[in-house]
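All letters in the sequence shown, in the order written, are residues 0 to 495 by numbering that gives the first Met the number 0. Beta carbons: idealized from backbone N, C-alpha and C, even for Gly.
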Amino acid sequence: MDFATSITGRVSSDACTVKPINFTDLASVSLSLRDLPPDDRRNDAEMDPFFIEELNKLSMKERDEVLQDVHGVSDVMNENPVTIQAKVVQMKQALDQLPLKQKSAYLQALQQNEHYVHNPKFLLMFLRADLFNVEASALRFVSFFEHKLQLFGRDKLGRDILFCDLTEDDIACLESGYAQMLSGRDRAGRAVLCLLPMLRKYKSTENRLRAIYMVIMFALRDVETQKRGMVGIAYNVGRDHTTDREAVWKAAKIVSILPLRFTGVHYCFDDERVKTLFNLAMYVFNRNARMRCRVHCGSHMECIYHLMTFGIKSSDFPITTSGEKRLEAHHDYVRKMRQSENIMDDGVDRIIIPGPLDVLLGRGKPLQKHDGNLNYHYVVEGYHERYEKASKLEKTQIAKTIVDKIHEQGGRFLKQDDAGWVEIDDEAARNKISHTFRNHRIAARTALKKAASTQENEVETAPVDLRRRSPDLVSFQSGNFNSLELGDQKRRKVSG
0 MDFATSITGR VSSDACTVKP INFTDLASVS LSLRDLPPDD RRNDAEMDPF
50 FIEELNKLSM KERDEVLQDV HGVSDVMNEN PVTIQAKVVQ MKQALDQLPL
100 KQKSAYLQAL QQNEHYVHNP KFLLMFLRAD LFNVEASALR FVSFFEHKLQ
150 LFGRDKLGRD ILFCDLTEDD IACLESGYAQ MLSGRDRAGR AVLCLLPMLR
200 KYKSTENRLR AIYMVIMFAL RDVETQKRGM VGIAYNVGRD HTTDREAVWK
250 AAKIVSILPL RFTGVHYCFD DERVKTLFNL AMYVFNRNAR MRCRVHCGSH
300 MECIYHLMTF GIKSSDFPIT TSGEKRLEAH HDYVRKMRQS ENIMDDGVDR
350 IIIPGPLDVL LGRGKPLQKH DGNLNYHYVV EGYHERYEKA SKLEKTQIAK
400 TIVDKIHEQG GRFLKQDDAG WVEIDDEAAR NKISHTFRNH RIAARTALKK
450 AASTQENEVE TAPVDLRRRS PDLVSFQSGN FNSLELGDQK RRKVSG
């Protein structure tokens, strides 16, 4: 099997045959083709050759990068502050050079609020999305404002979109879980976007697009998500799967112009008739996203198991293997979105979705079951004996060593507020570690006392039960055979 077939092929749920994904020939297609009406259909036979050729033209390095990204074993991109500053300046210059007709909405936003539009942090989001390709970032930037104008109107171009800007139908769609971020990251520490048409609740396609916009833009406030990229899942499984070509087309377009970089895309479906909807989205995605696409055909259980092989935890997924919904995490995400509007300008960088090795401070079983917390307690346990014998100064050094070890593994110490998670400083982390050792000590003492108390109760209650029986039976069951012999002697004397 060649590389193209290994990427584009899929194993059918009812037969072990590999079938290629159909794709359009984009070699001779201009950028304007992405604006073709959604009812434009292509001959499937014409779609395959270019995509396969495009895949087989990848260099060995590109192939390795694709496979590492898709399977969740890639690293976060390295950034140089000096290079970042230079790229931001270059992007502003590239925006100035674009034709006026191509950046009408951008210019309107600039007139409304230049500080918002040219905020370096905002520009950096788009640069990261295109791996610091200045020209591509500038094109994405102006397209972003064009779509923002269409979705929310001219008066909102120069500021962030708030909950009060949404209609009741928008909010209903948002809360339905149609578009949501999974509560946990994948094994590479990347946030996971999931679109679930079967959960849709809307009156128009625009409701869906605004829901997608709000969910993604809130997730992108997390710098770690910008750096690591995002995994996308289009989950079209179940009785209520969508067949709306226009909605799929527009959803793919809005996702493609937002400042996110897909490091993996998965399309799950259980009906061959809806597979062509995935090809429709491929018109819009850029080359990097296309190379990282996978398709999975099967039931809820089969598709979820497929996703698990790519580093996505089934416990984080909003649909169970039996098809039941789990929306508690999404509702908490929406609540944080609302709360964040009250503290938008406090200058604190929040983590929206904790990483797999982050240590989450707080109480409750969900937090204690988090992978990062389990790893943290494992690390702490390894220093338990040394800590108990150490002096005060040595205990501080041990705590510092543990903090460094968690950081080296890629973890952070996070505390939660109303709008997300905030990283605490090293001193607060060391205090947390000291508190953990103290809790372990108290728990050990409590366990010893409980064990001792249980033994005492057994000793105290045993004679009470035995007294209800005959003295000889008591002696026999307690193993006191001398008492049995003395009893026999007394009985012989009495009888004599």
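Please list the terminal residues of the continuous alpha helix (DSSP H) segment that includes residue i.
i, result
"Met90", "Pro80 to Gln96"
"Arg411", "Note, Arg411: premise wrong, no alpha helix (DSSP H); not H, not E."
"Gly322", "Careful: Gly322 lies outside any alpha helix (DSSP H) and carries neither H nor E."
"Gln67", "Met59 to Val69"
"Tyr212", "Thr204 to Ala218"
"Leu122", "Pro119 to Ala128"
"Leu366", "Lys364 to Gln367"
"Glu113", "Glu113 to Val116"
Can you list, in chain order, the residues of its chain with a C-beta nearer than 7 Å to that of residue i? Leave out the 5 residues immediately preceding and following it.
i, result
"Thr204", "Glu245, Ala246 and Lys249"
"Ala523", "Because the chain here runs from 0 to 495, residue 523 falls outside it and cannot be looked at."
"Ala497", "Any answer about residue 497 is impossible in this case: the structure gives the chain only from 0 up to 495."
"Gly310", "His70, Gly71, Asp185, Arg186 and Ala187"
"Phe125", "Ser136, Arg139, Phe140 and Pro258"
"Leu366", "Leu359 and Asn372"
Helix, strand or coil for residue i, going by three-state DSSP, please let me know.
i, result
"Tyr266", "strand"
"His295", "strand"
"Ala328", "helix"
"Ala442", "helix"
"Tyr382", "coil"
"Met76", "coil"
"Ala190", "strand"
"Tyr282", "coil"
"Tyr304", "helix"
"Val141", "helix"
"Phe496", "No statement about residue 496 is possible, as the shown extent of the chain runs from 0 to 495 and does not include it."
"Phe436", "helix"
"Ala288", "helix"
"Phe261", "strand"
"Glu45", "With a pLDDT of only 44 at Glu45, under the threshold of 50, the placement of this residue in the model should not be trusted, and no figure is reported."
"Asp185", "coil"
"Pro355", "coil"
"Ser27", "Residue placement at Ser27 is poorly supported in this model, since its pLDDT is 30, which falls under 50; the coordinates are not used for a value here."
"Phe277", "helix"
"His146", "helix"
"Asp239", "coil"
Output needed for residue i: all residues of its chain with C-beta closer than 6 Å, excluding positions within five of it in sequence on either side, in chain order.
i, result
"Gln396", "none"
"Ala328", "Ser182"
"Tyr382", "Ile397"
"Asp315", "Leu181, Ser182 and Gly183"
"Phe217", "Met336"
"Gly237", "Met197"
Where do the ends of the beta strand (DSSP E) carrying residue i lie?
i, result
"Glu422", "Gly419 to Glu422"
"Cys163", "Premise fails: Cys163 is in no beta strand (DSSP E) and is neither H nor E."
"Gln101", "Run containing Gln101: none; DSSP gives neither H nor E here."
"Ser230", "The sequence shown places Val at residue 230, rather than the Ser named in the question. Looking at the DSSP string, the run of the beta strand (DSSP E) that includes Val230 is Met229 to Asn235."
"Val358", "Val358 to Leu360"
"Ala389", "Counting along the chain, Ala389 falls outside any beta strand (DSSP E), and DSSP gives it neither H nor E."
"Met180", "Ala178 to Met180"
Quick one: what's got a C-beta closer than 8 Å to residue i's C-beta in the same chain, skipping five residues either side?
i, result
"Arg158", "Gln111, Asn112 and Tyr115"
"Leu148", "Ala104, Gln107 and Leu156"
"Asp168", "Tyr201, Lys202, Ser203 and Asn206"
"Glu340", "Leu161 and Phe162"
"Leu165", "Leu173, Arg209 and Met213"
What number of angstroms, rounded off, separates the C-alpha of residue i from the C-alpha of residue j?
i, j, result
"Leu219", "Thr453", "54 Å"
"Glu61", "Arg291", "11 Å"
"Phe412", "Ser433", "14 Å"
"Tyr201", "Thr241", "13 Å"
"Arg466", "Ala451", "Caution is warranted here: a pLDDT of 46 is assigned to Arg466, below 50, making its placement in the model unreliable, and no coordinate value can be reported."
"Gln408", "Phe151", "42 Å"
"Leu35", "Thr275", "Low per-residue confidence applies at Leu35: pLDDT is 43, beneath 50, and the placement is therefore not dependable, though the value from the model is reported in the following sentence. The straight-line gap from Cα to Cα measures roughly 16 Å."
"Gln179", "Cys267", "16 Å"
"Pro353", "Leu54", "34 Å"
"Val87", "Phe144", "18 Å"
"Lys56", "Asp424", "47 Å"
"His406", "Pro355", "12 Å"
"Tyr234", "Leu447", "51 Å"
"Val273", "Arg286", "23 Å"
"Val65", "Arg362", "39 Å"
"Val421", "Ile351", "9 Å"
Give me the DSSP bridge partner(s) of residue i.
i, result
"Asp416", "Gly419"
"Ser256", "The identity of residue 256 in the sequence shown is Ile, whereas the question assumes Ser. DSSP lists no partner for Ile256."
"Ile350", "Trp420"
"Ile318", "Lys324"
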